[in-house]
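In the order they appear, the protein sequences are chains A and B. Under my numbering, the first residue of the first sequence carries the number 1, and numbering increases by one thereafter. Under my numbering, the first residue of the second sequence carries the number 1001, and numbering increases by one thereafter. To keep things clear, I will list the structure first and then write my remarks on it.
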Amino acid sequence: MVLETQQLGNAKVGAPEPRHAETVMVKVYRYNPRAKGEGPKKPIFKVPVERGTTVLEALLWIKEHDEPGLALRYSCRMGICGSCGVLVNGQPRLACETQVEELDSEMVEVGPLPTFPLIRDLATDFSDFLLNHHRIKPYLIRNEDTIGRPVLQELSQTEQQELDYYQFTMCIMCGLCNAACPVQATDCEFLGPQALAQAYRFAADSRDQGWPERRDVVDTVHGCWGCRLAGSCSFVCPKGVDPALGIQLLKRRVLTKSTRSSSQNPKLHD
Amino acid sequence: MRESTLRSINYLAIIAVLISLALHFATHGFLGVAGFEDSLTYASVIGRYRASITAIMLAVLLLGASYHGLLGLRNILLEIKTGRLWTRGVTIGTATLGAVMVGWGLRTIIVTITGA
């Protein structure tokens, strides 16, 4: 049921309702930049909820019953694909992992992720985000690759060597860290916490020999040195990754590790 | 020059500023003076300038503070606007401003030392 704000006032349905009513008001940002003459709107919907209902399920209920044209991105519904990142009550969250009940609010306000260009409604453009991820070369680089011989041997690692970067492999590229980053909001050339944390993930991998190439990308004023250590990226990460830590470790690596000494050569096994 | 090189110099500048600033305040409080008012008399100031160690300390403070301050200004300006031309302009502009500030400051110190 869609209700305009004025109707809500007249019907007194805007007032907090008791829990047993099992409904919640969901205010959804709606805007199509291509539709000329139409500004952003925030219609309010009354959505039935039960224990465990997620924000994504509430949005899909709205799409099914009231607004078939509502644009949102989602896929796995279980916090793995990282597609359904939205702004829930002012904080970047995965809609599928956020239960309405945990918000403890009579009004749930859902908007698109800030710092990302808007496509429509809740759907944002990840092109620049993915381009920045691509720029840091998110794959293992071996010197053998450059001379045309494939790596056919196992590259062993100790447990500690794996732990050095393990948490950063948990990134699902949902973009919540970039959405929460204040530097990203002001500096459009900033690589962003996701890309920088991934740069550290590969730089810290003992099997990788691509530090000279990655260093050129991250050792800039819009790279790791752009980070002001607000820490909001780590606060919002749904997978418990600490991108702020990754960026600081990356800064230390840039300062202490020369390009010559970066060629790690782990023991090869047949 | 790499950004990390600029930051490394900045960290050294911060240490230099902290040490020289502490010494600077000490010379105004208890090192060789009777008190703060005494440290500001003309004879006291000129006397300190002509001591080579104080002159070196002031030069280090000038260099460190100028570098640290102008690198900060450069970073703020680079956040306001982006683009290759802007980045180059800001870097050259702040470097030039720094050279003028340091040059003028060193001139003052040298002129005072030599008594010209």
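Beta carbons are placed, not taken as given, at the ideal position from N, Cα and C, and that holds for glycine.
Contact between A/A180 and A/P112 is absent: CB atoms are separated by about 14 Å, not below the 8 Å threshold.
For A/P48, the uninterrupted beta strand (DSSP E) run begins and ends at I44 to P48, by DSSP.
Note that the segment 1063-1075 of chain B does not touch the segment 1029-1047 of chain B; fewer than 3 beta-carbon pairs, one per stretch, sit closer than 8 Å. The three-state secondary structure of A/K41, taken from DSSP, is strand. Between A/V100 and A/V55, the gap from beta carbon to beta carbon is short of 8 Å. For the segment 1050-1067 of chain B, there are no residues whose beta carbon sits under 9 Å from a beta carbon of chain A.
Here B/N1010 has Y1067, H1068 and L1071 as same chain residues with Cβ atoms under 8 Å from its own Cβ, once five neighbours each way along the sequence are excluded. A/Y31 is the residue among A/C227, A/G175 and A/Y31 whose C-alpha sits nearest the C-alpha of A/G69. Check the Cα spacing between A/P238 and each of A/I80, A/W211, A/G90 and A/Y74: the tightest is with A/I80. Sequence-distant Cβ neighbours of A/V108 in its own chain, meaning closer than 8 Å and more than five residues away, are V24, M25, V26, K27, V55, A58, V88, N89 and V100. A/M78 counts as exposed, since fewer than 16 other beta carbons sit within 10 angstroms of its beta carbon. Between the C-alpha atoms of A/S127 and A/H133 there is a straight-line separation of about 10 Å. A direct Cα-Cα distance of roughly 8 Å separates A/A203 from A/Q209.
Unbroken alpha helix (DSSP H) runs of no fewer than 4 residues, entirely contained in the segment 158-190 of chain A, are found at 159-163, 176-180 and 182-186, following chain order.
For B/N1075, the residues of chain A that pass the 9 Å Cβ criterion are V221, W225 and G226, in the order they occur in the chain.
Fewer than three beta-carbon pairs drawn from the segment 167-177 of chain A and the segment 210-222 of chain A are found closer than 8 Å, and the two stretches are therefore not classed as touching. For a Cβ distance threshold of 8 Å, residue set D187, C188, E189 and H222 of chain A lies close to B/T1082, ordered along the chain.
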